[in-house]
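J.: Attaching a single structure in structure tokens format; questions to follow.
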Amino acid sequence: MRLSIVALICLLCVIPIVAQDNGNDIDWTISDFVPPIGAAESPQNNNDGYGPWNRRILIAISEDDGWTWERTGQNLSDQADYPTAVITPDGRIFVYFITYHAEIRNQIVAAISDDFGETWVYKRVTFDFPQPPVDPSAIVLDDGSIRMFFNQSIERRTVAIYSATSEDGLNFILDSQMPHLADEDSHILAPTIFRFDNGYHLYAINPQGANYHALSEDGLSFTSQTDVVLEERHFIAQGQLALDNGFRVFTFTGAPAHDGFFPSIHSYITTDGFTWEREDGTRLVYDGQYAYESVSVRNPAVIRLPDDRILMFYITVIPEPYSGS
Numbered sequence: 076m077r078l079s080i081v082a083l084i085c086l087l088c089v090i091p092i093v094a095q096d097n098g099n100d101i102d103w104t105i106s107d108f109v110p111p112i113g114a115a116e117s118p119q120n121n122n123d124g125y126g127p128w129n130r131r132i133l134i135a136i137s138e139d140d141g142w143t144w145e146r147t148g149q150n151l152s153d154q155a156d157y158p159t160a161v162i163t164p165d166g167r168i169f170v171y172f173i174t175y176h177a178e179i180r181n182q183i184v185a186a187i188s189d190d191f192g193e194t195w196v197y198k199r200v201t202f203d204f205p206q207p208p209v210d211p212s213a214i215v216l217d218d219g220s221i222r223m224f225f226n227q228s229i230e231r232r233t234v235a236i237y238s239a240t241s242e243d244g245l246n247f248i249l250d251s252q253m254p255h256l257a258d259e260d261s262h263i264l265a266p267t268i269f270r271f272d273n274g275y276h277l278y279a280i281n282p283q284g285a286n287y288h289a290l291s292e293d294g295l296s297f298t299s300q301t302d303v304v305l306e307e308r309h310f311i312a313q314g315q316l317a318l319d320n321g322f323r324v325f326t327f328t329g330a331p332a333h334d335g336f337f338p339s340i341h342s343y344i345t346t347d348g349f350t351w352e353r354e355d356g357t358r359l360v361y362d363g364q365y366a367y368e369s370v371s372v373r374n375p376a377v378i379r380l381p382d383d384r385i386l387m388f389y390i391t392v393i394p395e396p397y398s399g400s
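Residues 76 to 400 (our numbering) are what the sequence shown spells out, left to right.
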């Protein structure tokens with residue numbers, strides 16, 4: 076299957092859609108930048124060889140509530156990492172991710188679609204924050220605005236989780252100068268925000284392999300809960316999908332393939348965010364059969380379209396040598 080870069084497709088959009096937000100005109104048909112093609116050179120201080128410089132976001136689709144998935148081969152962006160996705164009440168898709176684009180390196184940007192993922196426009200994202208945030212996780216609030224949780228270093232050893240809210244999906248205002256979590260010793264990273272029937276649940280990675288867990292009624296004031304331990308292989312909760320009888324949560328493992336172990340995306344069922352039941356099998360597995368993937372599949376972000384199809388935006392490593400187009 077020939078891999079296509081959808082940034083070129085978005086240039087075919089000819090009908091202008093201009094929104095008025097906080098006094099600023101936003102043309103939703105014009106990209107602020109074109110995503111890079113291929114991998115960038117690895118930074119000298121890299122430890123494991125993988126990061127946004129050589130990762131890409133691909134798209135898969137499901138028609139059975141996220142149980143089985145078909146790879147589309149559609150490449151949302153190269154040099155990209157940590158996707159999170161939402162769909163607004165009016166059907167606009169935002170996929171936020173970290174880009175390694177030379178002009179906006181290691182910053183959060185957005186891929187936006189107004190036709191349910193057929194074409195995409197790429198926009199810069201702004202925050203009223205002194206340093207660029209990382210590791211985004213977004214959720215749509217009841218009023219249609221978007222709240223994003225993210226990591227930021229506030230001191231040399233302290234990593235904190237903050238949140239910011241946007242009415243237009245591009246310009247975010249910090250919810251509070253105080254972080255939701257700042258712990259020098261725990262080094263909790265990569266927040267994930269879910270909303271279940273009993274409130275907002277914040278999960279994050281901790282070095283012990285569990286998922287740090289906090290609960291909030293309003294999505295702003297969180298109380299720590301008992302850590303969620305999913306599996307021995309450090310499963311990380313990432314994507315959430317509402318079902319008739321609860322929620323399907325998608326998880327991943329970060330280790331590369333070795334000794335018959337293939338990195339894969341799994342799923343759990345939960346009704347309350349506290350008790351999790353592992354589902355049989357895998358939802359998506361890296362097995363070396365696809366020319367546009369290598370090393371692993373991970374970081375699943377999922378959304379449900381109005382026709383009940385499900386889109387997954389997931390990370391893989393760009394194969395070497397790169398042969399896409």
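No residue lacks a Cβ here, since even glycine has one placed at the ideal position from N, Cα and C.
If you drop the 5 nearest sequence neighbours on each side, which residues of the same chain put their C-beta closer than 8 angstroms to that of residue 377?
T.: Counting from 1 along the sequence shown, the entry for residue 377 is found at position 302. Hits under 8 angstroms: 141, 160, 314, 315, 316, 325, 385, 386, 387 and 388.
J.: Under 8 angstroms by Cβ, that's how I've got residue 154 and residue 115 pegged, so tell me the actual separation to the nearest angstrom.
T.: Along the sequence shown, read from residue 1 onward, the residue named residue 154 stands at position 79. Along the sequence shown, read from residue 1 onward, the residue named residue 115 stands at position 40. Their Cβ separation, rounded to whole angstroms, is 5 angstroms, which keeps residue 154 and residue 115 in contact under 8 angstroms.
J.: Taking contact to mean 3 or more Cβ pairs, one atom from each stretch, closer than 8 angstroms, check whether the stretch 99–107 and the stretch 187–200 are in contact.
T.: Yes: the two stretches touch, three or more of their Cβ pairs being nearer than 8 angstroms.
J.: Which value, in whole angstroms, describes the spacing of the CA atoms of residue 269 and residue 178?
T.: On the sequence shown, position 194 is the one that residue 269 refers to. On the sequence shown, position 103 is the one that residue 178 refers to. Whole-angstrom Cα-Cα distance: 32 angstroms.
J.: Nearest by alpha-carbon distance to residue 253: which of 213, 214 and 295 is it?
T.: For the purposes of this step, residue 253 is taken as residue 178 along the sequence shown, with counting starting at 1. The option with the nearest alpha carbon to residue 253 is 295.
J.: Taking the straight line between their C-alpha atoms, what separation do you get for residue 365 and residue 190?
T.: Position 290 of the sequence shown, counting from 1, holds the residue named residue 365. Position 115 of the sequence shown, counting from 1, holds the residue named residue 190. Roughly 27 angstroms separates the two Cα atoms.
J.: Residue ranges of each beta strand (DSSP E) run of no fewer than 3 residues wholly in the stretch 137–181, ordered along the chain?
T.: For the stretch 137–181, whole beta strand (DSSP E) runs of length 3 or above, ordered along the chain, are 145–153, 155–162 and 168–174.
J.: Under the rule that 16 or more other beta-carbon atoms within 10 Å means buried, what is residue 358, buried or exposed?
T.: Taking the sequence shown and counting its residues from 1, one reaches residue 358 at position 283. It counts as buried.
J.: If residue 237 sits next to residue 247, beta carbons under 8 angstroms apart, how far is it from one beta carbon to the other, in whole angstroms?
T.: The count along the sequence shown starts at 1 and reaches residue 237 at position 162. The count along the sequence shown starts at 1 and reaches residue 247 at position 172. So it is not a contact: roughly 10 angstroms between Cβ atoms.
J.: Between residue 304 and the rest of its own chain, which residues show a CB-CB distance below 6 angstroms, the 5 nearest in sequence each way excluded?
T.: For the purposes of this step, residue 304 is taken as residue 229 along the sequence shown, with counting starting at 1. These residues qualify, in order along the chain: 285.
J.: State the Cα-Cα distance for the pair residue 272 and residue 320, rounded to the nearest angstrom.
T.: Reading the sequence shown from its first residue, position 197 is the one you call residue 272. Reading the sequence shown from its first residue, position 245 is the one you call residue 320. Residue 272 and residue 320: Cα-Cα distance of roughly 12 angstroms.
J.: Return helix, strand or coil for residue 375, following the three-state DSSP convention.
T.: Within the sequence shown, the letter at position 300 stands for residue 375. It is a strand residue.
J.: Would you please state the rounded distance, in angstroms, between the beta carbons of residue 249 and residue 203? I believe it to be under 8 angstroms.
T.: Taking the sequence shown and counting its residues from 1, one reaches residue 249 at position 174. Taking the sequence shown and counting its residues from 1, one reaches residue 203 at position 128. The Cβ separation is near 6 angstroms, so the contact holds.
J.: Using a Cβ-Cβ cutoff of less than 7 angstroms, which residues in the same chain neighbour residue 392 once the five nearest sequence positions on both sides are dropped?
T.: Your numbering for residue 392 matches position 317 in the sequence shown. Hits under 7 angstroms: 125, 129, 130, 369, 370 and 371.
J.: Could you tell me whether the Cβ atoms of residue 240 and residue 212 are closer together than 8 angstroms?
T.: As a position in the sequence shown, residue 240 is number 165, starting the count at 1. As a position in the sequence shown, residue 212 is number 137, starting the count at 1. Contact flag unset, no.
J.: When the Cα atoms are used, what is the spatial distance from residue 156 to residue 147?
T.: Your numbering for residue 156 matches position 81 in the sequence shown. Your numbering for residue 147 matches position 72 in the sequence shown. C-alpha separation (whole angstroms): 19 angstroms.
J.: What is the rounded straight-line gap between the Cα of residue 188 and the Cα of residue 166?
T.: Start at 1 with the first residue of the sequence shown, and residue 188 comes out as number 113. Start at 1 with the first residue of the sequence shown, and residue 166 comes out as number 91. Taking the straight line joining both Cα atoms gives about 9 angstroms.
J.: Going by DSSP, which residues form a beta bridge with residue 131?
T.: Here residue 131 refers to the residue found at position 56 when the sequence shown is read from its first residue. 153 and 391.
J.: From residue 209 to residue 182, what does the alpha carbon distance come to, in whole angstroms?
T.: Walking along the sequence shown from the start, residue 209 turns up at place 134. Walking along the sequence shown from the start, residue 182 turns up at place 107. Roughly 7 angstroms between the two C-alpha positions.
J.: Expressed to the nearest angstrom, what Euclidean distance is found between the alpha-carbon atoms of residue 280 and residue 340?
T.: For the purposes of this step, residue 280 is identified with residue 205 of the sequence shown, where counting begins at 1. For the purposes of this step, residue 340 is identified with residue 265 of the sequence shown, where counting begins at 1. Taking the straight line from one Cα to the other gives about 16 angstroms.
J.: Here's the rule: buried if 16 or more other CB atoms are within 10 angstroms of the residue's CB, otherwise exposed. What is residue 350?
T.: Your numbering for residue 350 matches position 275 in the sequence shown. Residue 350 comes out exposed.
J.: State the Cα-Cα distance for the pair residue 266 and residue 395, rounded to the nearest angstrom.
T.: Here residue 266 corresponds to residue number 191 of the sequence shown, with the count starting at 1. Here residue 395 corresponds to residue number 320 of the sequence shown, with the count starting at 1. The alpha-carbon atoms of residue 266 and residue 395 are separated by roughly 30 angstroms.
J.: Mind listing, in chain order, the continuous beta strand (DSSP E) runs of no fewer than 3 residues lying wholly within the stretch 270–310?
T.: Runs of the beta strand (DSSP E) inside the stretch 270–310: 274–280 and 286–291.
J.: Within a Cβ cutoff of 8 angstroms, which residues of the same chain sit near residue 298, ignoring the five residues on either side of it in sequence?
T.: Within the sequence shown, the letter at position 223 stands for residue 298. The residues are 289, 290 and 291.
J.: Going straight from the alpha carbon of residue 98 to that of residue 201, what length do you get?
T.: What you label residue 98 is simply residue 23 of the sequence shown in a count that begins at 1. What you label residue 201 is simply residue 126 of the sequence shown in a count that begins at 1. Residue placement at residue 98 is poorly supported in this model, since its pLDDT is 40, which falls under 50; the coordinates still yield a value, given next. For residue 98 and residue 201, the distance between alpha carbons rounds to 15 angstroms.
J.: Could you compute how far the alpha carbon of residue 222 sits from the alpha carbon of residue 283?
T.: On the sequence shown, position 147 is the one that residue 222 refers to. On the sequence shown, position 208 is the one that residue 283 refers to. Taking the straight line joining both Cα atoms gives about 28 angstroms.
J.: Locate the beta strand (DSSP E) running through residue 126, then write down its first and last residues.
T.: Numbered from its first residue, the sequence shown carries residue 126 at position 51. Looking at the DSSP string, residue 126 is not in any beta strand (DSSP E), and its letter there is neither H nor E.
J.: Taking the beta strand (DSSP E) that residue 213 falls in, what are its first and last residues?
T.: By 1-based counting over the sequence shown, the position of residue 213 is 138. Where residue 213 is concerned, the enclosing beta strand (DSSP E) stretches over 209–215.
J.: Would you report the Cα separation of residue 352 and residue 168, rounded to the nearest angstrom?
T.: On the sequence shown, position 277 is the one that residue 352 refers to. On the sequence shown, position 93 is the one that residue 168 refers to. Rounded to the nearest angstrom, the two C-alpha atoms are 29 angstroms apart.
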